[in-house]
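Student: Quick one: the structure is below, and I'll ask about it shortly.
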Amino acid sequence: MQKWVIILGLSFFTLKAQGLWYEDNLKEIETLNLEFNLHGLEDNVWEKRITNFIELRILEHEIRMVKEKMPKLKVDVHIIDSRVKESSSFFVSFSVLNYSVSEPNYYKSLNDKLVTKKFMTSKIFSHEILGQTSSQNLYRDTERAINKLISFFLDQWYKDNPIKQF
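Take 18 as the starting number for the sequence shown in our numbering and just add one per residue.
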């Protein structure tokens with residue numbers, strides 16, 4: 018009997034501990050600096066088109082793109098186009114970076130009543146999609162993955178900023 022109680026208790030704590038690590042990290046973010054990195058292709062026209070698409074999709078939700086350093090939306094696209102084999106691969110990563118302070122430095126600055134200058138860059142949101150497709154559909158499927166990641170990011174942004182829906 019004790020064995021079952023312990024097992025149920027541990028499984029409850031394990032389930033309770035599971036959560037989104039980036040929950041509430043996008044709160045009060047109203048501006049972003051876009052950094053787009055394309056690896057594996059030399060297609061400047063497609064790169065510019067995707068960059069404009071990302072900026073416009075995010076601007077639709079009144080998140081402005083600025084030249085300031087932080088917070089930064091970093092979009093990495095890695096493409097392996099295999100015209101010889103049947104399948105090509107792509108990897109799309111969305112990350113939001115912002116300044117943060119480590120917990121010990123934060124508490125130390127509270128005790129000293131000084132503002133700490135020991136900022137570091139931290140990833141406050143991240144989501145990735147890895148996929149395979151044919152060479153003919155590579156651009157289209159990569160664009161769909163980017164669109165899904167934008168939608169996922171915006172959903173999380175609205176969860177963290179519910180007032181912005183109105």
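Beta carbons: idealized from backbone N, C-alpha and C, even for Gly.
Using a threshold of 8 Å, state whether the C-beta atoms of ILE1 and THR48 are closer than that.
Tutor: Outside the shown range of the chain, which is 18 to 183, sits residue 1, and nothing can be said about it.
Student: Could you check if GLN173 is buried or exposed, using at least 16 other CB atoms within 10 Å of its CB as the buried criterion?
Tutor: Taking the first residue of the sequence shown as position 1, residue 173 is located at position 156. With 16 or more Cβ atoms within 10 Å of its Cβ, GLN173 is classed as buried.
Student: Ignore the nearest five residues each way along the sequence and tell me which others in THR138's own chain have a CB closer than 8 Å to its CB.
Tutor: By one-based count along the sequence shown, residue 138 stands at place 121. MET87, LEU114, ASN115, TYR116, SER117.
Student: Straight-line CA distance for TYR156 to ASN178?
Tutor: By one-based count along the sequence shown, residue 156 stands at place 139. By one-based count along the sequence shown, residue 178 stands at place 161. Straight-line Cα distance between these residues: approximately 32 Å.
Student: In the DSSP assignment, the beta strand (DSSP E) including ILE97 goes from what residue to what residue?
Tutor: Along the sequence shown, read from residue 1 onward, the residue named residue 97 stands at position 80. Element bounds for ILE97: 89 to 97.
Student: Assuming PHE142 and VAL92 form a contact by the criterion Cβ under 8 Å, report the distance between their Cβ atoms to the nearest whole angstrom.
Tutor: The sequence position of residue 142 within the sequence shown is 125, counting from 1. The sequence position of residue 92 within the sequence shown is 75, counting from 1. Going by Cβ atoms, the distance from PHE142 to VAL92 rounds to 12 Å, so no, they are not a contact pair.
Student: DSSP has HIS56 in a bridge; who is on the other side?
Tutor: Position 39 of the sequence shown, counted from the first residue, corresponds to residue 56. Looking at the DSSP assignment, HIS56 forms a beta bridge with HIS95.
Student: Tell me the DSSP secondary structure of ASP172 in three-state form.
Tutor: To locate residue 172, count along the sequence shown from 1; it is residue 155. It is helical.
Student: Which residues in the same chain as LYS44 place their Cβ atom closer than 8 Å to its Cβ, once the five residues preceding and following it in sequence are excluded?
Tutor: By one-based count along the sequence shown, residue 44 stands at place 27. Counting only Cβ-Cβ distances below 8 Å, and skipping sequence neighbours, we find ASP177, ASN178.
Student: Taking THR150 as the reference, give the member of GLU103, ILE163, ILE67, GLY57 with the closest Cα.
Tutor: Stepping through the sequence shown from its first residue, residue 150 is reached at position 133. The shortest Cα separation from THR150 among GLU103, ILE163, ILE67, GLY57 belongs to GLU103.
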